[in-house]
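In order, the protein sequence lines correspond to chains A and B.
1 is the number of the first residue of the first sequence in the UniProt record's numbering; add one for each residue after it.
1 is the number of the first residue of the second sequence in the UniProt record's numbering; add one for each residue after it.
2 protein chains.
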Amino acid sequence: MKWDMLDEEPCSLSRTVAVVGDRWTLLILRECFLRVRRFEAFQSSLQITRHLLSERLKKLVRFGILRRVPYSEAPKRYEYILTQKGLDLYPIIMAMVHWGDTHMGDERGRPLLHEHKNCGKLFDPVMVCSECGEVLHAKQVHVHAGPGRREVVG
Amino acid sequence: MKWDMLDEEPCSLSRTVAVVGDRWTLLILRECFLRVRRFEAFQSSLQITRHLLSERLKKLVRFGILRRVPYSEAPKRYEYILTQKGLDLYPIIMAMVHWGDTHMGDERGRPLLHEHKNCGKLFDPVMVCSECGEVLHAKQVHVHAGPGRREVVG
DNA sequence: AAGCTATAGTTCTAAAATAGAACTGTCAAA
DNA sequence: TTTGACAGTTCTATTTTAGAACTATAGCTT
């Protein structure tokens, strides 16, 4: 499979993977959610090569996940800010953080704790059914072909 | 950064990314959740090269996400089955599917629909706070350093 | 005015990962 | 005895990534 075809597959997972399915992109997004916005800041906190950082930021802008916003004229400088489409990636990032907390921890405990401002408590993210509110488990879900399905499933 | 160090970073996202942060691994996991279990089945449905498929399956077994279970003696043949650790990746996969449904759809509609067996309805996955049950948004979450934090955040 | 620093990149070469195809080994069925 | 299914492994060519150096703009320092 060629990767430039991945975002046209009849599969929502493939299409998401086409955009955020590589290591650096996910780490860049982590920084975005931690309020990092500038080229140098991404570079020094991630130790990513400048070349790849430049590439990935362009791609995220192209897909509408980041906006490139000028913060200084003369010299022209820009920062990268999450769009709504980008903010909507939050559940993906949090699901990954939570899985890492649960299954990849060491004896030192969690690197970060998350507080929900609405209720004031430290929390874990939980995925529930939009209809009944119950916690979701893979085995309780049945998959149907939808209208956008062609030959490949997903 | 070297990728073999990524799973030792003091960051749960990095550690998760070290395991499932590449395109083929995520697509293989999609197939796992769609009940695919055998080498040939993965290969033909994904069009992945046999070399890489072999590599990725080994890695997923090594990290305890898949179990390699014999289903035939003479000739010895195995299938790959999600462990509990693997099943726990479901929220990540579903979050990606949902983002793709929302932001990467085309005029044909969704490729797949999901039915929750418990309530019988077609649903979307929603991420909520474990403490108060409210829907989570990035801006309502405050991040604290936890005990396992060293220098890098995440 | 000349030189240093900060920021945001681009360009180059070497190393690593992936694609694509062919090959191996085991056994069952025709 | 030959063919086919299954689960890989091995090989070369191409693409991607790493790592370092370089470019460009402008402010600040001496």
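Note that CB positions come from ideal geometry on N, CA and C, so glycine has one too.
This one's a predicted model, so the numbers in the text were calculated from it and none came from an experiment.
Got a sec? Which residues, its chain only, sit under 7 Å from R149(A) by beta carbon, not counting five neighbours each side? Mapped onto the first sequence, residue 149(A) falls at position 149. The answer, listed in chain order, is P10.
Nearest to D101(A) (by Cα), restricted to the options D88(B), G105(B), T102(B) and A138(B): Residue 101(A) sits at position 101 when you count from the first residue of the first sequence. Closest option to D101(A), judged by alpha-carbon separation, among D88(B), G105(B), T102(B) and A138(B): D88(B).
Answer yes or no: does any C-beta atom of chain A fall closer than 9 Å to that of R77(B)? Within the second sequence, residue 77(B) is the residue found at index 77, counting from 1. Any Cβ of chain A closer than 9 Å to the Cβ of R77(B) would place that residue at the interface, and such an atom is absent.
Return the chain-ordered list of same chain residues with a C-beta closer than 6 Å to the C-beta of P125(B), the five sequence neighbours on each side being excluded. Taking the second sequence and counting its residues from 1, the one referred to as residue 125(B) is at position 125. In its chain, beyond the 5 residues on either side, M94 and H98 have a beta carbon closer than 6 Å to the beta carbon of P125(B).
Helix, strand or coil: how does DSSP classify M127(A) here? What you label residue 127(A) is simply residue 127 of the first sequence in a count that begins at 1. In the structure shown, M127(A) falls within a strand segment according to DSSP collapsed to helix, strand and coil.
Hey, is R30(B)'s beta-carbon within less than 9 Å of any beta-carbon in chain A? Sequence index remark: in the second sequence, residue 30(B) carries index 30 (1-based). Taking Cβ atoms only, chain A reaches closer than 9 Å to R30(B), which makes this a yes.
Just how far apart, CA to CA, sit Y78(A) and G64(A)? Taking the first sequence and counting its residues from 1, the one referred to as residue 78(A) is at position 78. Taking the first sequence and counting its residues from 1, the one referred to as residue 64(A) is at position 64. Going by the C-alpha atoms only, they are around 16 Å apart.
Straight-line Cα distance separating I81(B) from R37(B): Sequence index remark: in the second sequence, residue 37(B) carries index 37 (1-based). Sequence index remark: in the second sequence, residue 81(B) carries index 81 (1-based). Taken atom to atom, the span from the alpha-carbon of R37(B) to that of I81(B) is near 6 Å.
Going along the chain, which residues of the segment 81-105 of chain B sit with their C-beta nearer than 9 Å to a C-beta in chain A? Cβ contacts with chain A: L82, K85, L87, D88, L89, Y90, P91, I92, I93, M94, A95, M96, V97, H98, W99, G100, D101, T102, H103, M104 and G105.
Beta carbon proximity, S12(B) to chain A, threshold 9 Å: Sequence index remark: in the second sequence, residue 12(B) carries index 12 (1-based). It does; some Cβ of chain A falls within 9 Å.
For A145(B), the residue or residues it bridges with in DSSP: In the second sequence, residue 145(B) corresponds to position 145, counting from 1. By DSSP's assignment, A145(B) forms a beta bridge with L112(A).
Residue 155(B) to S54(B), Cα distance in whole Å? Outside the shown range of chain B, which is 1 to 154, sits residue 155(B), and nothing can be said about it.
For a contact defined as C-beta to C-beta under 8 Å, what are the partners of Q47(A) on chain B? Locating residue 47(A) in the first sequence gives position 47, counting from the first residue. Correct list: M1.
Note down, in chain order, every chain B residue with its Cβ under 7 Å from the Cβ of R56(A). Translated into the one-based positions of the first sequence, residue 56(A) becomes position 56. From the beta-carbon of R56(A), no residue of chain B is found nearer than 7 Å; the closest lies around 13 Å away.
Go to R62(A), then tell me how far its alpha helix (DSSP H) extends in each direction, as first and last residue. Counted from its first residue, the first sequence places residue 62(A) at position 62. From DSSP, the alpha helix (DSSP H) with R62(A) extends over R50 to R62.
Contact set between A138(A) and chain B, taken where Cβ atoms lie within less than 7 Å: Along the first sequence, one-based indexing puts residue 138(A) at 138. Result: F33, L87 and Y90.
Could you check what DSSP says for D101(B) in three-state terms: helix, strand or coil? Locating residue 101(B) in the second sequence gives position 101, where the first residue counts as 1. Note: D101(B) maps to helix in three-state DSSP.
Pull out every residue of the segment 110-128 of chain B whose Cβ sits closer than 9 Å to any Cβ of chain A, in chain order. Residues passing the 9 Å Cβ filter: R110, P111, L112, L113, H114, E115, H116, K117, N118, C119, G120, K121, L122, F123, D124, P125, V126, M127 and V128.
Environment of R15(A) [buried if 16+ CB atoms lie within 10 Å]: As a working note, residue 15(A) is residue 15 in the first sequence. Result: buried.
With DSSP run on the structure shown, which of helix, strand or coil describes P70(B)? Walking along the second sequence from the start, residue 70(B) turns up at place 70. If DSSP states are grouped into helix, strand and coil, P70(B) belongs with the strands.
Beta carbon proximity, R62(B) to chain A, threshold 9 Å: Taking the first residue of the second sequence as 1, we reach residue 62(B) at position 62. Closer than 9 Å: no.
Cβ shell of L29(B) (< 7 Å), same chain only, five flanking positions each side left out: On the second sequence, position 29 is the one that residue 29(B) refers to. So the qualifying residues of the chain are V20, L89 and I93.
Segment limits, beta strand (DSSP E) that includes R77(B): Your numbering for residue 77(B) matches position 77 in the second sequence. For R77(B), the enclosing beta strand (DSSP E) begins and ends at R77 to L82.
For the alpha helix (DSSP H) containing W3(B), name the first residue and the last one. For the purposes of this step, residue 3(B) is identified with residue 3 of the second sequence, where counting begins at 1. Counted as a single uninterrupted DSSP element, the stretch harbouring W3(B) is not any alpha helix (DSSP H), since DSSP gives it neither H nor E.
Measure the Cβ-Cβ separation of E115(A) and V143(B) and say whether it is below 9 Å. Mapped onto the first sequence, residue 115(A) falls at position 115. Mapped onto the second sequence, residue 143(B) falls at position 143. Yes, they are a contact pair.
Whose C-beta lies closer than 7 Å to the C-beta of V152(B) among residues of the same chain, with five residues either side of it excluded? For this step, residue 152(B) is matched to residue 152 along the second sequence. Residue confidence is low: V152(B) scores 42 on pLDDT, short of 50, so the model does not pin down where it sits. No coordinate-derived value is stated.
Given a cut-off of 9 Å, decide if L52(A) and E31(A) are closer than it, judged by their beta-carbon atoms. Taking the first sequence and counting its residues from 1, the one referred to as residue 31(A) is at position 31. Taking the first sequence and counting its residues from 1, the one referred to as residue 52(A) is at position 52. No, the pair does not count as a contact, with Cβ atoms beyond the cut-off.
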